[in-house]
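Have a look at the structure below, then the notes.
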Amino acid sequence: MAESHAAEGFSLAEYESGTEYIAHHLGFLRFGKLPDGSWGFAHSTAEADAMGFWAINVDSMIMSISLAVIFMGLFYSIAKKMTSGVPGGLQNGLEFLVDMVQDTIKNTFFAKNNLIGPLSLTIFCWIFMMNLMDLVPVDWIPLFAQVVAQDSHLYFKAVPTTDINITAGFAISVFVLVIFYSVKIKGMGGFLGEFAFHPFGKWALPLNLVMELPSFFAKPVSLALRLYGNMFAGEMIFLVIALVGWFQLPLHFAWAVFHILIITLQAYLFMMLTVVYLNQAHTKPEAH
Amino acid sequence: MNLNATILGQSIAFAVFVWFCLKYVWPPVIQALTERQKKIAEGLEAAERAQRDLSLAQNKAADDLKEAKVKSAEIIDMANKRANQIVEDAKDKAREEGQRLIASAKSEIEMEVQRAKEELRAQVAAIAVAGAEKILENSVDQAANEELVKKLASEL
């Protein structure tokens, strides 16, 4: 591949089998320490896997941040000329989103916190935008990246939420906020006491710990894995559909229509669970 | 599952964008929403107040109308009375005036009669003298008979 693009510029990548096609689409553009000790982009899946923790998925970050910049920029430009009079079309859209988020918060969050609104809005819109990339035909964005980079073998993953690191980034941030507010509201003693003396009282302390700690740490794990799993599976099916020739058009359409539901639902679910977890952080558990 | 530093990158980006949203996007939207809510509430209240005012005004208008009707009836009554009175007064005055005219005419007639009588007397005296002259066929001493003739005339 390297010789060909050196000789005649850019040419489309050719795949020997469907497996290779799918494997290539699932690979990351990963920057990290190469086996020879220098820093650079991984050229193969094996190289990427060998990079360990101190590597970064550049494609996920580029997509994630540029999507965030797009919708935040849009929101900012709308918010700057916000009017309390008759709203225009875009303002209406933003107000609809904010209303939706506020309704959710009103129904599930019973404490007072100024962060929860913007946090939920950001989570919902950002995850929705990233999930939305799933509906872009699977080859378009990678191909665009390959043309830009003039490298027909470039790995580029278009849907950031199919990267466990991105969803884990969200989940861990939320988890940190949960711990922060738990300690802030209940104090360190109250926060730890919930694990020790709940649900069975102080005489069953070990049992309490065994029951409460896993359920506490399951929160971020389930948050991250649910979103990742759903989006990864959806992306995988798009890739498989992309292999079946002309029949892919109706199949792709059908799956995409169904997927519109999934991506919205997953974004909403992530936001909803964030609000629920933060609400738990703000309130004491009921006495048993 | 290849967890790597992308988690950190994403967490930092997440913090930055949440901060941005908190600082620049959320407040104006919420402010606009609250303001509009207030405006709508005020508008509704104003509409209600206007309706109340309207019904009050309608009641007042009905009352005024009733009062005006009563008053106008009174005025018409009074005017009728006044008109009758004026007519009566005019009749009285006319009657008086007529009587006065009649009285003056009567006195004038009286005076005229008196004057005619005087004239007649004078003429009768002259005629009587002339008649007496004719009868006597001679002139009588005018001065001697004057008294007699005057006496005769006053007896007329």
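First to last, the sequence lines map onto chains A and B.
Each residue of the first sequence is one higher than the one before, counting from 298 in this note's numbering.
Each residue of the second sequence is one higher than the one before, counting from 2 in this note's numbering.
Using N, Cα and C, we set each Cβ at its ideal position, and we do this for glycine too.
By the criterion of at least three beta-carbon pairs nearer than 8 Å, the stretch 543–558 of chain A is not in contact with the stretch 506–525 of chain A. Judged by DSSP in its simplified three-state form, W336/A adopts strand. Annotation: E49/B to V475/A spans about 47 Å, alpha carbon to alpha carbon. As the crow flies, the alpha-carbon of N354/A is around 9 Å from that of K454/A.
If you check the CB distance, A310/A and R327/A do not come in under 8 Å.
Residue contact check for A47/B against chain A: no CB pair falls below 8 Å. Secondary structure of F18/B (DSSP, three-state): helix. Of the other Cβ atoms in all chains shown, 16 or more fall within 10 Å of the Cβ of M379/A; this residue is therefore buried. At a Cβ-Cβ threshold of 8 Å, L149/B and V125/B do not count as neighbours. Taking a C-beta cut-off of 8 Å against chain B, the contacting residues of the stretch 460–471 of chain A are D460, I461, N462, I463, A465, G466, F467, I469, S470, listed in chain order. Q38/B is classed as exposed because its beta carbon has fewer than 16 other beta carbons within 10 Å across all chains shown. G329/A: member of the beta strand (DSSP E) spanning 327–330, first to last residue. In this structure I375/A is in contact with L387/A, their Cβ atoms being roughly 5 Å apart against a cut-off of 8 Å. A Cβ-Cβ distance of about 11 Å is found for the pair S417/A and V573/A, leaving them out of contact under the 8 Å criterion.
In this structure, A468/A sits near P517/A, with a CB-CB distance shorter than 8 Å. Sequence-ordered contacts of the stretch 397–420 of chain A with chain B read Q399, N411, L412, G414, P415, L416, L418, T419, I420 [C-beta pairs closer than 9 Å].
E313/A and E491/A have their C-alpha atoms some 57 Å from each other. Its Cα nearest to that of K409/A, the residue I482/A stands out among M533/A, I482/A, H322/A, F488/A. Apart from sequence neighbours up to five positions away, the residues of its chain that approach G414/A with a beta-carbon distance below 7 Å are V398, Q399, I402, ordered along the chain. Selection E134/B, V19/B, G132/B evaluated against F368/A yields V19/B as nearest (Cα-Cα). Out of V445/A, A530/A, E509/A, the CA that lies nearest to the CA of F488/A is found in E509/A. Cα atoms of S308/A and A14/B: separation of roughly 34 Å, rounded to the nearest angstrom. For I461/A, DSSP assigns no beta-bridge partner whatsoever. Per DSSP, reduced to three states, the secondary structure at N354/A is strand. Against chain A, the beta carbon of V71/B has no neighbour under 7 Å; the closest one sits roughly 51 Å away. In the structure shown, the three-state DSSP call for E532/A is helix.
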